[in-house]
Amino acid sequence: MTAPINPADSLLERAPQALRDLVTSHFPQPWRWFANGLLADVAILAVFGLLFAALTLAERKILGRVQNRPGPNRTGPFGLLQPIADGIKMLSKEDIVPRDADHLLHFLAPVTLLASAIMAFAVIPYGRNLVPVDLDAGVLYFFCVGATTELAVFMAGWSSHNKYSLLAAMRALAQLISYELPLLLSWVPVVMISGTLSTTGIVAAQSGWRWGWMPTWHVFTPWGLAGFIIFMVSALAESNRSPFDLPEAESELIAGHLTEYSGCKYVFFFMAEYFGMTALSGMAVTLFLGGWHAPLPALEFIPSYAWFGIKLISLLMGFIWIRATFPRLRMDQLTRFAWKFLVPLALINLATAAFWSLSFGWSGPMLAARCGVALVLVIVPFVLLGRRLTAGLAPRSYAYAT
Amino acid sequence: MLGSGLLQGLGVTAKNLVGSFHDPKRLTTVEYPEQKTKLPEAYRNFPFLVSESAEDPMGTLRCVACQICEKECPPQCIFIEKSKDKKPDATGKMQIYPAVFLIDSSVCMNCQICVEVCPFDAIKMDHEYEIATTERFNALLLDREALAKPNSYFHEIRPEEAAEVDGRLAAERKAAEEKAKAAALAKASAAAKPAAPPSAVPPKAEPPKPSASA
Amino acid sequence: METPDQICSRILSRLPGAEVSVLQNPGPAAQHSLLVGRQSVLEVAEFLRDDPELRLDYCSNVTGVDWPEKIIVDVSKVSTPDPAGGAPKVTEVKTERVQPGYLEVVYHLYSVSLRHGPVILRTRTAGRDALAAVPSLTPVWRSAEFQEREIFDLFGVVFENHPDLRRILMWDGFKDHPMRRDYVEPEDYEWEPTPHGDLVEKAKKARAQAGGTPG
Amino acid sequence: MTPSPLVPTGGATVRAVNDEFHGDLLEVSMGPHHPSTHGVFRMVVTLDGERITKLKPVLGYLHRNHEKIGESTSYLGSMPYTDRLDYLNAMTNNWAYALAVERLGGLSVPERAEYLRVILAELSRLQNHVCLAGFLLQDTGASGTPLMYAFREREKILDLFEALSGSRMMCNFQRFGGCRTDASPAWLAQVAALVGGFGRFLDEFEELITGNEILMARTQGVGVLKGPAAVAAGITGPMLRAAGVGYDIRKVDGYGLYPRFTFRVPIGAHGDTYDRYMIRILEMRESIGILEQALRDIPAGPIMDPKAKLRGFRPKPGESYGRIEGPKGEIGFYLISDGSANPYRYRVRPPSFVNLTVLEDLCLGHTIADSVVILGSIDIVLGEVDR
């Protein structure tokens, strides 16, 4: 986050950078990079910490409304202070560690999880010129850091020395490894097409307008749409969200790997789940939804970081909506779904993207053919694989006894 | 196609999410301490003793300590001790009254059987449900002072049943009064007449023997 | 469906050695039952299940009944001739005999395929203590599995050849059989003082003073 | 048809011993305090990985010796205790007990009371089944949404129970020879309004979840119970009908006034968890039909047999067994009278308890996640299992 201010931008657009310069100007020049980094850390923790708090409330409110009840509404006006009350409650609870637990791992697991979840925020471009660290291989870095969460969840489950936690640890490992693959494969086309692993580069590749009004986001291409869906499904699984919340399946494994956690450490897990969900959504916005770009040229007056925020929050709402609706999958179905459905689809999607890339120059009637072929390449495997996956499953009709 | 059932479900939840903001049928929550639902008349929760007047509840209890409810109570949560003396009840008739009437509300299961078996309409089910106490033992053992509630309260919570009970009691009272009047009249007329010659044979006092089939 | 008498005679014709009789139910329900000796209960049960006219394939209810030993007073009249030559003097002599107690197991059988029932099958143990054993009918009707375990638990009837005869409702270390009529509840376990205890005490005292019977 | 990868292999060979090639089996004690054992129920599960090789139900945590209490209480005094057996279905428990006592005492029931009983029993069935659908879906991990919809409708039925009997769940409403109080026309109109709207609710509920691929994957082919095994194990109620046996005591015994009503008995072809769920949904639709007919035809008249006595009821010596089709299966009461005011023997035939017999068979070879769903589909209430 060292880019200089572009004076052509609007005042609001420049505001974060202006604030940054205001703060860092107090530091001597050799230390400015360090102050910059610290400032970015503070900003991320503050913004996403608040977002986490708001998200817990929003989740409970939305789940409530979906379920025909008002949700939390006792703490403060409309229950707005509920996250604070929850925080105070959770932080003031006794931290209970089982006697036979592996104390070191039991302690390290939430820390590792939270640390890796926060590290993932480093490479996401939150707005024009607003990326904490602009790495050349930002996307790779993001997913490497994300993979660490598997280790942390396994640590938590293993170290608790609880049978439910152990089962959850095994589940978490199997699940996260299974879904790492479709998750990675789903964004490879993006890298292929935009030709860069840098997150800012990918966002830049989605700038500009086709026909003067249609955004050139990857999601508006057939392979991009497919990739986006695969990415989001895998993201659901990676962040242990319903319907893939098997490690902490409360109706089967009490709370899974969280069974033996309480108080502050439990909050860490909770936070890490939401941070992970937010980071993955942020990456989805970057990769497929045009990053911080506005959806219409006429709306470009709204600052870029606001657009990023809007897209991010809509994706998060989608997570909550899905949680409110779906039952949970079973472990074997979960891994089958990954290996037999998502991975083949993602691989086929690579081919689709390759075709899209090769047919770059087609125009006129050939453009329609290009879209058609790509759509067929996306839809037909989806339908066929889906049919194979759900073979034997159908709504039934019933007979009546005489 | 895979996903059609999932999308359908998402549609229903979205409909409910939006519906809960404008459709009172979808948001049925009652904000309890501020709002309360209107209890139906039949609602029952713990018995109380009906007294005729609010001023002197102990003097006007309808209960005559017949102990039927005590016997019939399934969890045996009622304890009654009869009085040694008699007191005039609301109608002025001399009656035994309960010297002690205890209901252990920690054992009572609100089954209403005491109400059903009471021949005097003296015990009825209450509408009170905010009965939490901080003391687990003696605060839950309700004595007759705590149990007695006036007939006007009964009318307030169960207007239909109370009106029906009052009508029946009034009719019974009237019948009793008329009977008493007739008896008094007969007595007066008997007294007016010269006493009949005393019969040498005492009247047969033996009750008829039950038949063998019983 | 056949009456219990018809079923009884058919069982006897089919299984000549079986001890079967019909136990009349005097009440208005008029659900009479087949009383089967415990030696032949297994084959009778199999007959009832497999007989094409009965096909009692569904055992609905299995339960125990405790009949503790009863003292029966027989009154007989003994006449002693009057030495004075008058009418013989008749005196009543009461002899007490003890009817041994037993435990009874009652099975309510229905037919799902022929949709009739119930046929009530009862069998009795020889005694209430060491002799309280009957053959298990779980091999014939699996639905008896849990219910026989319950009877074993609560009544103490031992079911021979039951696949898994353990206590089911009471805990494993429990000693007595609480559904027996002479079961005395221990005073001390899981007891905590409540006003209700006092209440019951008071009620007992008051009734005792009034001269009534307690309870 | 190629087998779906999402359909479990069902009946996979299960291993019951530890050996050096496969590592240890894991024994997990699920319950008595577990989020989805529906009360204080415990399953001692032996797992090979996540597959169940052995499952032993452990009962009795809620045991209070209901039958002993029944033997030391008068006939009337047991009526409120029956509410607490299957506390979701006080109305049907009351009815079964009243039926047994009426047979014991030779009492008849006036027509209006019979109609009221049918109405209340079918309302009870509606709220039990809707509850079960909610619980079952909660066990599959649907974060409360179907459960809340189900409870929203159940509340309306409970409100009706409250308006009639005074209590939402502990109704204590039936009496030997009739019912306790009469229903007002306003109450019947409320029932009619509820019944009119219930079909729409069911449509919405089914739209939400019945076609859901995840639910189908979780329940189809899971916990298969076939007809003959079900009959032998004494399974009753929707679980038996899901196994393909069209045995409904309302049709078979024709107790009450059920022969007067036209309704159908849905039966399943597969006997799996999905069938058990769907049979209940279909039964609710049939119950709506019965309720509509009952509300249309209910006559005026007395609600108590004039011969019936509330107090001091002493039936002649004898015995009787009365059973009805409760929402969970056959609920029966077996009574022996010795002529005194208390029954000599008071026995409850609890459907949930007997239905648990097959739990292990259904779960073997499936995973731990399935065991929870299968248990949910059996529909137990611990108040009745443990008594």
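Sequence order for the protein chains is A, B, C and D. Using our numbering, the final residue of the first sequence is 402, and nothing's skipped along the way. Using our numbering, the final residue of the second sequence is 1214, and nothing's skipped along the way. Using our numbering, the final residue of the third sequence is 2215, and nothing's skipped along the way. Using our numbering, the final residue of the fourth sequence is 3387, and nothing's skipped along the way. Yeah, the Cβ is synthetic: ideal placement off N, Cα and C, and Gly gets one too. Only a predicted model underlies this, so the values are computations on that prediction, with no experimental measurement involved.
- D:VAL3109 and D:LYS3251 have their alpha carbons spaced roughly 19 Å apart.
- When secondary structure is reduced to three states using DSSP, A:ILE302 falls in the coil class, being assigned neither helix nor strand.
- Counting only runs of 4 or more residues that sit fully inside the region 154-203 of chain A, the alpha helix (DSSP H) segments are 163-194, in chain order.
- Positions of the alpha helix (DSSP H) runs, each at least 4 residues long and wholly inside the region 3321-3359 of chain D, are given as 3351-3355 in order along the chain.
- Taking the C-beta atoms as reference points, D:GLY3332 is found no nearer than 8 Å to D:TYR3346.
- Apart from the 5 residues on each side of it in sequence, A:VAL267 sits with its Cβ closer than 6 Å to the Cβ of MET90 in its chain, given in chain order.
- Close CB contacts of C:VAL2044 within its chain, under the 8 Å cut and outside five residues either way in sequence, are with ILE2011, LEU2015, ALA2018, VAL2020, LEU2034, VAL2036 and LEU2121 (chain order).
- Note: A:ALA401 is bridge-paired with D:VAL3265 in the DSSP secondary-structure output.
- The residue among B:GLU1145, B:ALA1184 and B:SER1106 with its C-alpha nearest the C-alpha of B:CYS1063 is B:GLU1145.
- For C:CYS2059, the chain D residues whose Cβ falls inside 9 Å of its Cβ are ALA3232 and GLY3234, in order along the chain.
- Taking a cut-off of 8 Å for Cβ pairs, the region 2093-2108 of chain C and the region 2050-2069 of chain C touch, as three or more such pairs fall below it.
- Taking every protein chain shown into account, the CB of A:THR402 has fewer than 16 other CB atoms within 10 angstroms, so this residue is exposed.
- In this structure A:TRP213 is exposed. Its beta-carbon is surrounded by fewer than 16 other beta-carbon atoms within 10 angstroms.
- One alpha carbon belongs to A:SER251, the other to A:ALA58, and they sit about 23 Å apart.
- Minimum Cα-Cα distance from A:SER242 among the listed residues A:MET317, A:THR286 and A:PHE220 corresponds to A:MET317.
- Short of 7 Å from the beta carbon of A:GLU300, and not among the five residues preceding or following it, lie these beta carbons of its own chain, in chain order: ALA294.
- Using a Cβ-Cβ cut-off of 9 Å, C:HIS2108 is close to TYR3321, ARG3323, GLY3332, TYR3334 and ARG3349 of chain D, given in chain order.
- Bounds of the alpha helix (DSSP H) holding D:ILE3368 are 3368-3378.
- At a cut-off of 8 Å, the C-beta of A:GLU250 has a neighbouring C-beta in chain D.
- A:SER281: member of the alpha helix (DSSP H) spanning 263-287, first to last residue.
- Below the 7 Å Cβ cutoff, chain A contributes PRO243, PHE326, PRO327 and LEU329 as neighbours of D:ILE3214, in chain order.
- Contacts with chain C (Cβ-Cβ distance below 7 Å) from the region 3297-3316 of chain D involve PRO3315 and LYS3316, listed in chain order.
- By a beta-carbon distance limit of 8 Å, A:VAL188 does not contact A:LEU197. Their separation comes to about 10 Å.
- Counting only residues of its own chain and dropping the five nearest sequence neighbours on each side, B:MET1094 has a CB closer than 8 Å to the CB of LYS1086, LYS1087 and PRO1088.
- Counted as a single uninterrupted DSSP element, the stretch harbouring A:SER359 is not any alpha helix (DSSP H), since DSSP gives it neither H nor E.
- 8 Å or more divides the Cβ of A:PHE326 from the Cβ of A:LEU389.
- If you draw a straight line from the Cα of A:ASP332 to the Cα of D:VAL3372, it comes to about 16 Å.
- Under the three-state reduction of DSSP, D:LYS3251 is assigned to helix.
- C:VAL2098 counts as exposed, since fewer than 16 other C-beta atoms from the protein chains shown sit within 10 angstroms of its C-beta.
- Residues of the region 3349-3365 of chain D with a C-beta less than 9 Å from any C-beta of chain C: ARG3349, PHE3353, VAL3354, LEU3356, THR3357 and VAL3358, listed in chain order.
- Apart from the 5 residues on each side of it in sequence, A:ALA284 sits with its Cβ closer than 8 Å to the Cβ of PHE228, PHE231, MET232, ALA235 and LEU315 in its chain, given in chain order.
- Assigned with DSSP and collapsed to three states, A:SER10 falls in coil, not helix or strand.
- DSSP places B:MET1125 inside the beta strand (DSSP E), whose first and last residues are 1123-1125.
- In chain order, LEU3085, ASP3086, ILE3331, GLU3384, VAL3385 and ARG3387 place their CB closer than 8 Å to the CB of D:PRO3350, counting only its own chain and leaving out the 5 sequence neighbours on each side.
- Counting only Cβ-Cβ distances below 8 Å, A:ALA399 has contacts in chain D at PRO3266, ILE3267 and ALA3269, in chain order.
- With fewer than three CB-CB distances shorter than 8 Å, the region 1027-1044 of chain B does not count as touching the region 1060-1076 of chain B.
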